[in-house]
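In the working numbering, the protein residues as written are 1124 to 1246. Encoded as structure tokens, the structure appears first; notes follow it.
Dropping the structure here:
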């Protein structure tokens, strides 16, 4: 039998980054869905499955964002995706840097989150 070698820190490819971007863009809706379903007294089986899946994904995204090493990149990612602000709102909030610098920080943050999510098997 051949042994399969696993990368210790896998590198995210283009499709991983696209999947991560999609998760980040859906993050606030998934978090609100989890909160809403958690507040209900009774939920159906499908609702329970959705709640568990969304909870798993949102917790993974939160962890991945919190693990971003660069404080500046992490702050931009938290403001943009975890708090659910628009790109323009993020550029306005971080007005001490150029909009292109904000975009670069978002790109680096998405790559970091993608690598973490790939490492833990979410994507």
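Virtual Cβ for every residue (Gly too), placed ideally from N, Cα, C.
- Exposed is the label assigned to residue 1155, since fewer than 16 other Cβ atoms lie within 10 Å of its Cβ.
- Just so you know, the alpha carbons of residue 1164 and residue 1219 end up roughly 46 Å apart.
- Residue environment analysis places residue 1241 among the buried positions, since at least 16 neighbouring C-beta atoms fall within 10 angstroms of its C-beta.
- Between residue 1152 and residue 1237, the alpha-carbon positions lie close to 19 Å from each other.
- Burial is judged here by how many other beta carbons sit within 10 angstroms of a residue's own beta carbon; residue 1223 has fewer than 16 and is exposed.
- Classified as buried, residue 1147 has 16 or more neighbouring CB atoms from the shown chains inside 10 Å of its CB.
- Apart from sequence neighbours up to five positions away, the residues of its chain that approach residue 1170 with a beta-carbon distance below 7 Å are 1160, ordered along the chain.
- In the three-state reduction of the DSSP assignment, residue 1193 falls in the coil class.
- A distance of 7 Å or more separates the beta carbons of residue 1232 and residue 1205.
- For residue 1245, no alpha helix (DSSP H) encloses it, and the DSSP letter there is neither H nor E.
- For residue 1162, the uninterrupted alpha helix (DSSP H) run begins and ends at 1137–1162, by DSSP.
- Residue 1157 sits close to residue 1178, with the two beta carbons spaced by under 7 Å.
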